[in-house]
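Mapped onto the working numbering, the consecutive letters of the sequence shown carry residue numbers 71 to 290. Below you'll find the structure, written out as structure tokens, and then a few comments.
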Amino acid sequence: LGNCLIVVKRLFDKFIANLKKQIEEVRIQKNKRCGILPFVAKFEEFAEISEGIFKSAERRTDLDRAYHQLIKVVFDNVERVAAEHVKSPRAVVTLENYHHLFRVLSRLKISCLENERRDAKQKYNVSLDAYVREMLGRPMEKLNIFFEGVQERITAGVKAEEVGYQLAFSKQELRKCIKEYPSKEVKEAHEGIKFIQQYKHFEDLISRCYPGSMITLEFT
71 LGNCLIVVKR
81 LFDKFIANLK
91 KQIEEVRIQK
101 NKRCGILPFV
111 AKFEEFAEIS
121 EGIFKSAERR
131 TDLDRAYHQL
141 IKVVFDNVER
151 VAAEHVKSPR
161 AVVTLENYHH
171 LFRVLSRLKI
181 SCLENERRDA
191 KQKYNVSLDA
201 YVREMLGRPM
211 EKLNIFFEGV
221 QERITAGVKA
231 EEVGYQLAFS
241 KQELRKCIKE
251 YPSKEVKEAH
261 EGIKFIQQYK
271 HFEDLISRCY
281 PGSMITLEFT
């Protein structure tokens, strides 16, 4: 029995080593959109099968060690593919795949990968912020700066309804900022991501600081 366990462990270690090598050697056709990378899907398949078999096992040392090795290689190669690919923006590749990994790890509840689950979420949020900044460009940055200034005045103790009386944050300045914003197509393209959160925050500040002004974020 002892010899059998040794043989099985050697075969398992060899399998994990080969799987890591396959991940590192993956090359994505540069003329096609990336989507969920094949080795991310492969890791999901491996984890699902492994948890189905060993979920309640008392001894998981080798499996947990393999999980740590594989997830590190997966994270490293998501970054590699994102940097190499020319068809898909880097932030799109990373946000899609880290979001998928976060969902997988949240669903499977693999205790030894809890830190990696949080890392995946953090990497997804960083990628999402980068994507929003890249796609919305300078006009969005100006609008952010304007409302950051508004928020700073409120935090400093200025009453919300009095912020608009300050020259730098007057209704005229706000309207000027909104006019510089991109066309409505940009808004529509980002309704499903973090842009909608910023949109709601801006609308809330307008209603508090510019009551009755009839100013809205209906970009044209």
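Glycine included, each C-beta is placed from N, C-alpha and C at the ideal position. Predicted, not measured: the structure shown is a model, and the values here were computed from it.
Discussion item. Using only CA atoms, which one of A87, F109 and I86 lies nearest to R97?
Written reply: Selection A87, F109 and I86 evaluated against R97 yields F109 as nearest (Cα-Cα).
Worksheet item: Roughly how many angstroms lie between the CA atoms of D189 and K142, to the nearest whole one?
Response: Those two C-alpha atoms are separated by around 11 Å.
Discussion item. Within 10 Å of its beta-carbon, does R181 have 16 or more other beta-carbons around it, so buried, or fewer, so exposed?
Written reply: In the sequence under discussion, the amino acid at residue 181 is Ser, which differs from the Arg named in the question. S181 sits exposed, since fewer than 16 C-beta atoms from the chains shown fall within 10 Å of its C-beta.
Practice prompt. Quick one: grab the DSSP three-state call for V156.
Written response: Coil at V156, not helix or strand.
Discussion item. Quick check: the segment 113-131 against the segment 151-162, are at least 3 beta-carbon pairs closer than 8 Å?
Written reply: Remark: fewer than three beta-carbon pairs, one from each stretch, lie closer than 8 Å, so the segment 151-162 and the segment 113-131 are not flagged as touching.
Worksheet item: At which residues does the alpha helix (DSSP H) containing R245 begin and terminate?
Response: Here the alpha helix (DSSP H) through R245 covers K241 to K249.
Practice prompt. Please report how far the alpha carbon of C104 lies from the alpha carbon of Y194, in whole angstroms.
Written response: Roughly 16 Å separates the two Cα atoms.
Fill in: As assigned by DSSP and simplified to three states, the class of L107
Secondary structure at L107: coil, using DSSP grouped into helix, strand and coil.
Practice prompt. Below 8 Å on the Cβ atoms is my guess for F172 versus L140; work out the distance and round it to an integer in Å.
Written response: That pair is no contact at about 16 Å.
Worksheet item: For G123, does the three-state DSSP call read helix, strand or coil?
Response: According to the sequence displayed, residue 123 carries Ile and not Gly. In the structure shown, the three-state DSSP call for I123 is helix.
Fill in: Reduced DSSP secondary structure (H/G/I, E/B, other) of E128
In the structure shown, E128 falls within a coil segment according to DSSP collapsed to helix, strand and coil.
Worksheet item: Would you say V143 touches the ligand HEM, meaning its beta carbon is less than 8 Å from a heavy atom?
Response: Although the ligand HEM was asked about, the structure shown includes no ligands whatsoever.
Worksheet item: Among the residues of its own chain, which have a CB less than 8 Å from the CB of E166, if the five just before and after it don't count?
Response: Same-chain partners within the cutoff: C104, G105 and I106.
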